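Under my numbering, think of the first position of the sequence shown as 3, with each following residue one higher. Even for Gly, the Cβ is constructed at its ideal location relative to N, Cα and C. Please read these numbers as outputs of a predicted model, since none were measured by experiment. Working notes, beginning with the structure itself.
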Amino acid sequence: GQGGMGVVHEAFDRLLHRSVALKLIVPHREITEEHRRRFRREAEAAARLQHANIVQIYDFGSHDDTLYCAFEKVDGGSLSQRLADRARPTLSSSAAARIIETLADAVDYAHQRKIIHRDIKPANILFTVNGTPKLADFGLAKQLDDVSDHTMDGALLGSPSYMSPEQADGRVAEVGPRSDVYALGAVLYECLLGSPPFQSDGVLATLDQVKHATPVRPSKLRNDVPRDLETICLKCLEKDPSRRYDRASDLASDLRRFLDDLPIQARRSTLAYRVQKLARRHPWVSALSMALACLLAVFAVTVGVFNFRLRSALTKESEALSDKIALADELQESLDRTRRSTFALQLQMAAAASVGDSDRARQMLLDEQVCPVELRDFTWAHLLYVSQRRSVSWNNFDEVRALAVAAGGQVFATGDSDGTLRIWSTEASEPRHEIGNRHPGGIAAISFSPDGQRLVTVNHGEASKQRPMQESDSDTEPSSEATLEPNQHGVIQVWDWPTMKIVASIEPRRGRINAAEFSPDGARLVTAHSDGVLEVRDTVELQRVTELEGHGAPVIRASFNANGSLLASGSRDNGKMIVWDCDSWQPLSETAGFGTELRFHPSRADWLVTADVGYALKLLSVSPIGAITTDATLQFFEEEISQVAFSDNGQSLAACSYSGDVRTIELSSGRTLQLPKSDAKLTAVDYLDANHVLVGDSRGQIHLWSIQAGRPVEIDGHAGRAATHLLFGKQGECLISAGADGSVRGWNPVNGQALFAWQEGISPPGGVAIARSESTLWWESGGILYSASYNGLDLRPRSIPSEPVNCLGMAISADAQTLAVLDIFGVRLLDART
């Protein structure tokens with residue numbers, strides 16, 4: 003084939019054994035230096051482009067002063083030939099879009115390498131045998147990074163019908179990627195309609211159309227052209243380059259969206275823009291359009307007046323409706339005031355009744371018609387508390403300084419200010435064990451091991467020197483009856499549970515002990531000391547593993563996280579709190595603000611609750627690397643928070659303070675239950691189970707509270723006599739009491755409602771036991787043993803034939819097969835089934 007400057011021959015490369023297209027400068031023509039420069043430019047541009055849709059150059063050189071280029075041979079013909087060979091020189095919309103989309107990607111590739119084609123037209127688009135389009139002839143290409151380009155303004159380069167307006171106008175400096183986008187749009191136009199957008203008999207006429215005329219919309223000449231494809235084509239043919247696609251890749255993307263039936267990104271020409279163009283070309287048409295616009299404006303004014311009148315009518319209706327709503331609101335407010343007045347009057351009447359008739363006062367307060375749930379406040383709760391006749395409580399005699407509940411919730415331990423350790427059962431009002439003279443200076447901390455096999459106590463001021471245990475002296479079991487000698491640092495005592503024998507007595511080398519904590523796996527015991535040091539010991543040999551130094555003041559609290567990977571400690575050193583790594587025992591981070599208490603969540607290893615110096619209870623997040631962030635402030639108290647405890651399931655949190663406040667908080671919802679305020683300082687709190695908390699105060703009283711009811715668990719019905727035995731049913735659904743009046747009664751632990759009663763006893767029952775596998779009770783009264791099956795509502799006892807007994811206590815085996823009865827002669831084992 004032959005072009006304007008060169009001729010192309012088919013040739014065979016004997017070195018590489020392949021056919022090539024050999025392009026030479028047209029022979030017998032005067033060859034200028036400009037021709038040679040353009041020929042080299044084409045070779046250089048092609049050599050910089052390695053793309054599947056650009057014809058590749060193989061070689062460049064000269065022979066006998068004749069320049070040549072060896073190109074990839076493309077056998078499928080050009081796009082112009084394919085259009086000419088068709089009966090109708092057009093392509094389907096999808097075929098045209100697919101070809102231009104492929105070429106747009108190739109052109110964008112060239113643009114990224116700073117090459118502008120400047121002569122894209124159907125004759126320069128070749129096809130392989132399998133139909134793959136390839137862009138050829140970079141003879142007019144412009145290299146944007148070539149400072150030696152000598153093309154001057156006014157030079158016309160390219161084919162007129164496919165030139166962009168800036169090329170046709172000779173504005174060389176403005177020719178860029180958007181010029182090639184215009185040419186691609188012109189080729190797309192020709193593929194859809196069979197001719198380029200502008201074509202005239204002469205070159206000058208064609209150039210004038212390119213610069214000033216608006217292309218006919220393809221849909222007017224071919225009604226099956228899709229609207230989106232027409233929009234894409236016309237966007238490419240915009241006169242203003244800034245209104246075309248910024249990059250050829252944007253054109254390719256929109257064509258792909260069209261082919262995939264997705265919304266295109268091209269903006270349609272606005273009405274204002276089309277009117278402006280029409281006014282410039284056809285003044286009379288624009289005048290007619292203006293007249294039509296005036297008619298439309300008159301119509302709009304008419305409609306506006308109608309709408310105004312309609313809105314006025316609707317406004318009046320709306321005002322009337324608002325008046326009715328306001329009247330309804332006033333009526334509702336009046337009803338609310340009446341309900342609140344009735345509620346206040348009921349509280350006054352209940353307060354008067356509580357002096358002489360607490361049952362009537364309680365019924366008045368629980369009447370939901372007069373005292374609805376949403377109005378019940380602190381006054382109502384206090385009156386309900388006053389109306390209670392009796393609550394489950396234990397007398398510890400001295401100030402409760404430490405409290406811990408063993409696994410299972412049936413046993414708890416207390417330590418008081420005179421150094422007495424007491425082990426309590428929820429089944430009795432008297433302690434199981436009471437051990438004095440082992441903790442001079444008072445008990446500072448109590449902790450059960452996770453497996454419930456050991457109990458650790460720490461005294462606060464003086465400690466035993468009866469046999470101060472050294473690091474290599476942990477095999478001998480000290481006597482629990484030993485006499486104590488004073489020691490300023492205190493002592494750690496490890497007790498075996500349930501024998502309550504001392505396994506070890508450890509005298510620390512550091513300052514006074516303020517707290518002790520087991521790791522979740524029970525393998526480590528950490529103690530906090532007044533000299534700012536924490537000691538870590540193993541719980542098998544009780545040998546010291548390490549000492550953690552980092553606090554400059556007494557360490558008050560320490561707590562392991564749920565998986566035992568982190569340890570948090572807080573001190574009086576300006577409220578410093580440190581998070582330690584439990585593998586390396588190195589500090590990971592520290593922060594200020596610690597006040598009196600900190601506790602990790604039992605299952606969420608990243609949750610830590612602290613009580614700060616401002617009496618605020620805060621929830622913190624601690625990352626595995628020790629980073630600390632505040633998630634929420636849960637509560638504010640009036641005075642220092644004395645202790646914090648989580649329920650075993652981790653769903654709620656309890657906290658008490660020296661101001662007498664005790665509150666429980668649901669962590670999922672944030673709902674807070676404020677229990678009635680005590681007039682004594684509250685010093686200790688722990689969960690007995692998910693629905694009950696134990697609270698110890700400075701007067702030595704321990705109270706059991708029902709979280710669901712928000713008040714103490716009642717025991718009312720033993721004729722004003724003491725309740726001598728208490729225990730829970732197998733699932734905690736029932737609280738059973740035996741009283742000094744000789745009766746056995748069952749209660750709902752949530753609301754205190756009586757479930758059943760046996761009142762035939764002639765002397766106080768000596769013991770009560772419950773089988774965990776069956777709903778069965780055993781007790782003794784008047785020397786006779788009784789058993790009864792109960793269903794929560796009824797009790798049907800039967801006497802058990804046996805010798806008379808003076809029962810001091812009894813217990814039932816876990817399989818409910820053996821009953822142990824303790825009397826003055828010893829222990830009797832009976833077959834519980836017979």
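Around the beta carbon of Arg559, a 10 Å sphere encloses 16 or more other beta carbons of the protein chains shown; the residue is thus reported as buried. Scanning its chain for C-beta atoms nearer than 6 Å, with the 5 sequence neighbours on each side dropped, one finds around Asp107 the residues Ala254, in chain order. Note on geometry: alpha-carbon atoms of Glu436 and Val402 lie some 14 Å from one another. For the pair Phe648 and Val611, the CB atoms are nearer than the 9 Å cut-off.
Apart from sequence neighbours up to five positions away, the residues of its chain that approach Thr422 with a beta-carbon distance below 6 Å are Gly438, ordered along the chain.
In this model, Ala634 and Leu619 are separated by some 9 Å (Cα to Cα). Counting of Cβ neighbours within 10 angstroms places Phe308 among the exposed residues, the total staying below 16. Three or more Cβ pairs closer than 8 Å define a contact, and the stretch 65 to 74 falls short of that threshold against the stretch 181 to 192.
Here the stretch 49 to 60 makes no contact with the stretch 78 to 97; the two share fewer than three CB pairs at distances below 8 Å. Gly554 sits away from Leu600, with the two beta carbons spaced by 9 Å or more. Membership of Val189 in the alpha helix (DSSP H) is indicated by the continuous run Pro179 to Leu195.
Residue state for Glu376 is assigned as helix, using DSSP reduced to three classes. With fewer than 16 other Cβ atoms inside 10 Å of its own Cβ, Met292 counts as exposed. In its chain, beyond the 5 residues on either side, Phe602 and Ala607 have a beta carbon closer than 6 Å to the beta carbon of Asn563. Counting only the Cα atoms, Arg313 lies some 10 Å from Ser320. Comparing C-alpha distances from Asp523 to each of Ala570, Leu386, Asp453 and Gly513 shows the shortest one belongs to Asp453. Beta-bridge annotation (DSSP): Lys503 is paired with Asp498. The beta carbons of Leu684 and Ser708 sit no closer together than 9 Å.
Scanning its chain for C-beta atoms nearer than 8 Å, with the 5 sequence neighbours on each side dropped, one finds around Gly410 the residues Gly454, in chain order. The DSSP-derived three-state label of Glu321 is helix. Excluding its 5 nearest sequence neighbours in each direction, Arg424 has C-beta neighbours in its own chain below 6 Å: Thr416, Pro433 and Glu436, listed in chain order. Judged by beta-carbon spacing, Arg90 lies beyond the 9 Å limit of Gln169, meaning their Cβ atoms are not closer than that value.
Ranked by Cα distance from Gly196, the first of Tyr111, Leu367 and Arg84 is Arg84.
Nearest in C-alpha terms to Thr598, of all of Cys584, Thr340, Glu641 and Ser244, is Glu641. Taking 9 Å as the cut-off, the beta carbon of Val624 is found closer than this to the beta carbon of Ala570. Taking all protein chains in view, the Cβ of Gly672 is surrounded by fewer than 16 other Cβ atoms within 10 Å, so the residue is classified as exposed. By the Cβ-count criterion, Gly63 is exposed, with fewer than 16 other Cβ atoms from all chains shown falling within 10 Å of its own Cβ. Residue environment analysis places Arg456 among the buried positions, since at least 16 neighbouring C-beta atoms fall within 10 angstroms of its C-beta. Counting only unbroken stretches of 3 or more residues, the beta strand (DSSP E) elements lying wholly within the stretch 27 to 69 are 59 to 65, in sequence order. When DSSP states are grouped into helix, strand and coil, Asp650 belongs to the coil group. In the structure shown, Ser451 falls within a coil segment according to DSSP collapsed to helix, strand and coil. With distances taken between CA atoms, Lys241 lies nearest to His214 out of Ile786, His214 and Val131. A distance below 7 Å between beta-carbons, with the five flanking residues on each side excluded, links Gln201 to the following residues of its chain, in chain order: Ser163 and Thr208.
Bridge pairing for Val664: Cys658 [DSSP]. Rounded to the nearest angstrom, the gap between the Cα atoms of His441 and Ser419 is 9 Å.
Residue environment analysis places Gln645 among the buried positions, since at least 16 neighbouring C-beta atoms fall within 10 angstroms of its C-beta.
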